[in-house]
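Going left to right, the sequence shown walks through residues 1 to 603 as UniProt numbering numbers them.
Beta carbons are placed, not taken as given, at the ideal position from N, Cα and C, and that holds for glycine.
Keep in mind the model is a prediction, meaning the values are calculated, not measured.
To keep things clear, I will list the structure first and then write my remarks on it.
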Amino acid sequence: MIENVATNAGNGLAKQPSLELQFNQLCYSIKSTQKGSNQILNDTCGAFRSGRLTAILGPSGAGKSTLLNVLAGFRVRDVSGHILLNGQPRELQSFRKMSSYIAQNFITPSLLTVMETLQVSVDLKLPSATSKQQKQQILDEIIEVLNLHNCRRTLVRDISGGEHKRLSIGIELITNPPIMFFDEPTSGLDSVASHQVLCYLQRLAHQGRIVVCVVHQPSSRLMQLFDDILVMSHGEVLFSGPQSEMLDDFKASGFICPPYYNPGDFVLDVGSESSNQRCETLISQNKAKHDSIQSFKAAADEQTALIKMTASTAADLQLIRPKEQVDFWMQLRVLLMRHLRSMSRDLLAVQMRVIMHIVVALLLGVVYWQIGNDAVKVISNVSCLFFIVLFVFSGNAMPSILLCLQDSPVFIREYYNGCYSLRAYFISKVLADLPLQLICPTFFISIGYFMTGQPPEFQRFAMCWSLCVLTAFIGHFIGVICGTMLSMQMALFIVPAITIPFLLFSGFFIRMSELSWFMRPLCDVSYFRYIFEGLMRAIYAYDRGELPCHEDFCYYKSSEKFLKDFGMQGDYFGWDVSVLAFILLSLLITFNITLHVSIKRAL
C-alpha cells in the first residue's frame, strides 16, 4: 500500500506507532475594536487516537472549524491551552510536517489535469533524491486507492465534487501523513458521494492514522463509519470519545435518544440547547474524563508561552511552516511549468486577451487610418497615441486581477505546507507572465503603428514598442498587487479609481504649463505622463522635420513647433524610459511585499 511505497521513496512514513493527540483548556478568541473579545473556543478538551476515524459534530457556529484550524496549527494568535502529542507538548514545525489539513474550500489549479496536479505535488513534496520510478509508483497507488482512474486526464475544473474531494485527499496523501484533518469533506456532495469519501477516510484511519473530520449533519448511514465522536456547542465540548459510549453519556445527563433516531441528529438537537443545565453536566463530565492531561501542564505552559511570544512577529511564519523538500531550482522549474501550462489553457484571461489586442489594433488602424504623417491631423494623432496608452494599460491591468485572485488561495496553502519558498513563487510568477506581457503589446503596436501611418523608421517603432511593453508591465503589476491584497469587488473598483488621477495629470487633457503651481508636482508622479511624453517624442522629436501638408495652411507643419506648444521638446526619451523602469521596479518590490503581507494575514 501507500505506506510501503512512500517509505521506499524516502519521505513517506511506514506503519505508525500508536499516536494520541490530546488537548485541554483550549481557548481561542477574536478581538475586535468595536465588539471587544469574541470567545470562539472556551476550555475545550478531548483526544484523537490513531487507527480511528473521528467526527466533530455540532450546530452551526459551534466552533468546529475553528477547533480544527487551531489543532492543525493554522491558528496560533490568541490561542491558549495545552496541545500534546503522545504526552509531549506539540512542536508546531514538526507537527505541521507530519500532519495535513484539507479545508472545506480546498482550491487547486483548475486548468491542470488530475494527473498533472498530483505530479506537481509529488515533485514539490518529496525529497529531490526520490527517483522518477518511485514517484510514479506513489502516484499509481494514490490513484488506485482513491479510484481516480477515470478522471486522471480530465481538467480539475471539469471533475465532479466527489472526485475533487478525493483529489484533495490524494494531494495531501503524497507525504503519507500520520495525522489528517478534514473540514467538512462531504460538503456539497450527494449521499452516495459523501459515503464514498468517508469510506476512503475510514480506510486511511484504519491503516494507522489519526483522521479527524468536521461533518455537518451526517446521516445515520454515515454515522456508522465513525469510530469516535466529538460534539461541540458554543465553543465547548459536550462529549469526546468512542461513539459506542456517546449515547450512554448523554443518557446519564438526562438526554435520552429515541429509538431508531439518528444519533447525529440527536446530539445536534442537544447541542442547540447548550444553555440547559444538563448540558453543563455533559461539559463537566467530558472535562473530568480528560483531566489526566493536567499532569503535563508545566510542559504545555512552556509551549503555549512560546506560541504567544512568536505569534505577533514575522518569525511565526517560519515556526509553523515545514522546510521545503526540494531545492530552489527544482521549485522554480515546477512552478514555472505549472504557471505556463495553466496560462496556455486559460481562454478568458489569456487567449481572449491576445485576440482582443489584435482586434482593437485593427479597429484603431481603421479609425485612424494613415493620419500619423499628415500635418492637418496632428491633434487626432495625439488622441490616437493616448488611446494606445490607455488600452495597453487597462487591457493588461484588469485581466491580471482575475489571474491573481485564482492563484492566491493555492499559493497560501502550498506555501504554509512547505511546498516552496516565497522567492521561488515570486520569480516563477514574474517569469511566467513575461511572454504574455510581451506578446500582447507587440501585436497591438505592430498592427496599429503601421496602419495609422506613423513614421516608417525602425528606431521610432522600437521606441514606441518599448514604451508599450513598459506600460503593459506596469498595468499588469498594478492589477496583480490589487488582486493579491483585495477582494475581487474592491480590486475592480480600486484599479480604475487610482488610474483616473494619474491620467488627469498625464499632459493630454491639460498642458502642464496651464496647471496651477501647487498641482504641477502631481505630474511628476504620474506614470502616464512619462508614457505619453515618450510616445510623443518617439513620433515627433529627433529631427523629424516638417510634416506633409495637404491643405493651404497647416498650423503644426513643423514637428518642433508642435512639441514646443505641448512642452515636450528636448532629448528626454531616455529619462522617460528610466522613470518608467524605476516605477516598474518599485511595483515588483511592492508585489513581493504584498505576498509577504498576504501570507502573514492568513495566519
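Here's the rule I'm using: 16 or more other beta-carbon atoms within 10 Å means buried, otherwise exposed. How should residue i be labelled?
i, result
"residue 416", "buried"
"residue 519", "exposed"
"residue 223", "buried"
"residue 149", "exposed"
"residue 263", "buried"
"residue 606", "Residue 606 falls outside the range modelled here, since the chain spans only 1 to 603, and no answer is possible."
"residue 593", "exposed"
"residue 38", "exposed"
"residue 435", "exposed"
"residue 459", "exposed"
"residue 313", "With a pLDDT of only 38 at residue 313, under 50, the local geometry of the prediction cannot be trusted, and the value read off the model is given with reservation. So residue 313 ends up on the exposed side."
"residue 573", "buried"
"residue 125", "buried"
"residue 123", "buried"
"residue 353", "buried"
"residue 290", "buried"
"residue 251", "exposed"
With distances taken from CA atoms, which of the options is nearest residue i?
i, options, result
"residue 475", "181, 433 and 447", "433"
"residue 579", "543, 523 and 178", "523"
"residue 189", "105, 124 and 27", "105"
"residue 335", "30, 386, 117 and 577", "117"
"residue 373", "455, 173 and 589", "455"
"residue 550", "131, 57 and 371", "371"
"residue 509", "532, 391, 126 and 114", "532"
"residue 284", "22, 565 and 45", "45"
"residue 214", "82, 195, 63 and 289", "63"
"residue 198", "230, 208, 165 and 31", "165"
"residue 599", "575, 543, 426 and 586", "426"
"residue 327", "408, 463, 418 and 100", "418"
"residue 219", "210, 288 and 192", "192"
"residue 484", "439, 429 and 462", "429"
"residue 338", "147, 410 and 272", "410"
"residue 461", "473, 478, 406 and 441", "441"
"residue 464", "445, 256 and 473", "445"
"residue 644", "595, 502 and 423", "No information on residue 644 is available, as it lies outside the stretch 1 to 603 that the chain covers here."
"residue 407", "230, 227, 575 and 488", "488"
Helix, strand or coil, according to DSSP, for residue i in the structure here?
i, result
"residue 242", "strand"
"residue 82", "strand"
"residue 518", "coil"
"residue 232", "strand"
"residue 281", "helix"
"residue 18", "coil"
"residue 31", "strand"
"residue 286", "helix"
"residue 99", "strand"
"residue 584", "helix"
"residue 89", "strand"
"residue 430", "helix"
"residue 551", "coil"
"residue 55", "strand"
"residue 150", "helix"
"residue 180", "strand"
"residue 60", "coil"
"residue 505", "coil"
"residue 417", "coil"
"residue 133", "helix"
"residue 472", "helix"
"residue 38", "strand"
"residue 335", "helix"
"residue 404", "helix"
"residue 257", "coil"
Please go through the same chain and pick out, in chain order, the residues whose beta-carbon is closer than 6 Å to the beta-carbon of residue i, but skip the five residues on each side of it.
i, result
"residue 349", "399, 402 and 403"
"residue 582", "none"
"residue 368", "384 and 452"
"residue 322", "96, 97 and 418"
Return the chain-ordered list of same chain residues with a C-beta closer than 8 Å to the C-beta of residue i, the five sequence neighbours on each side being excluded.
i, result
"residue 547", "373, 374, 375, 378, 554, 556, 557, 558 and 559"
Within the same chain, show all residues whose beta-carbon is closer than 7 Å to that of residue i, passing over the 5 residues directly before and after it, in chain order.
i, result
"residue 42", "27, 235 and 236"
"residue 589", "none"
"residue 65", "183 and 214"
"residue 281", "253"
Are the segment 535-551 and the segment 496-503 in contact at 8 Å, needing three or more beta carbon pairs? Proximity of the segment 535-551 to the segment 496-503 falls short of the contact definition, fewer than three beta-carbon pairs being nearer than 8 Å.
Please confirm if the segment 136-151 is in contact with the segment 341-355, defined as three or more CB-CB distances below 8 Å between the two stretches. With a cut-off of 8 Å, the segment 341-355 and the segment 136-151 do not count as touching, because too few Cβ pairs lie within range.
Pairing CB atoms from the segment 441-461 with CB atoms from the segment 359-366, are three or more of them under 8 Å? yes
Would the segment 368-383 count as touching the segment 464-483 if we require 3 or more Cβ pairs under 8 Å? no
Taking 8 Å as the threshold, find out whether the segment 98-113 comes into contact with the segment 153-161 through three or more Cβ pairs. yes
How do the segment 87-96 and the segment 50-63 stand: do at least 3 beta-carbon pairs fall below 8 Å, yes or no? Segments in contact, no.
Are the segment 173-190 and the segment 224-243 in contact at 8 Å, needing three or more beta carbon pairs? The segment 173-190 makes no contact with the segment 224-243: fewer than 3 CB pairs, one atom from each, lie closer than 8 Å.
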